[in-house]
Amino acid sequence: MGVARVNGPRLGSYGGAERAGVAEQAQSVRHGREGGDMRAEAVTHAPDLEQLIQERREAIHSAAAICASPVVSESETEISQSPSDRPTTPDQLSELGLTEGPPVTPATAD
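Heads up: the sequence shown at position 59 corresponds to 59 in the UniProt record's numbering, and the numbers run straight through without jumps.
Right, dumping it as structure tokens:
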């Protein structure tokens, strides 16, 4: 099998592009004119990019801190974690506006 050709030049080669009638484009690419313009544009936008990167980092750190912090509501802060501090007698329950109800029995499967 041979090399693919269009009107004689090899595809994908700078020389082939010149022979195909796009010598100006090939020369521009070879000398880096188009690439140079892109690099100059990237340099002028670098401060904006750096600021955007910094803002994204701050947002990520903020989100990570929020995810790592425990979620506690005001009602949960009033309840002690120690079982001995929890109201268990009828007097303690009535002080909190609670009443002692009948014992709870677990549901059984039929």
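Where is the CB? At the ideal position from N, CA and C, for every residue including glycine.
Here the structure is a predicted model, which means the values were calculated and not measured.
- DSSP places Leu93 in the uninterrupted alpha helix (DSSP H) bounded by Pro90 to Glu95.
- It is roughly 23 Å from the alpha-carbon of Gly97 to the alpha-carbon of Thr105.
- Per the coordinates, the alpha-carbon of Leu49 lies some 15 Å from the alpha-carbon of Ala59.
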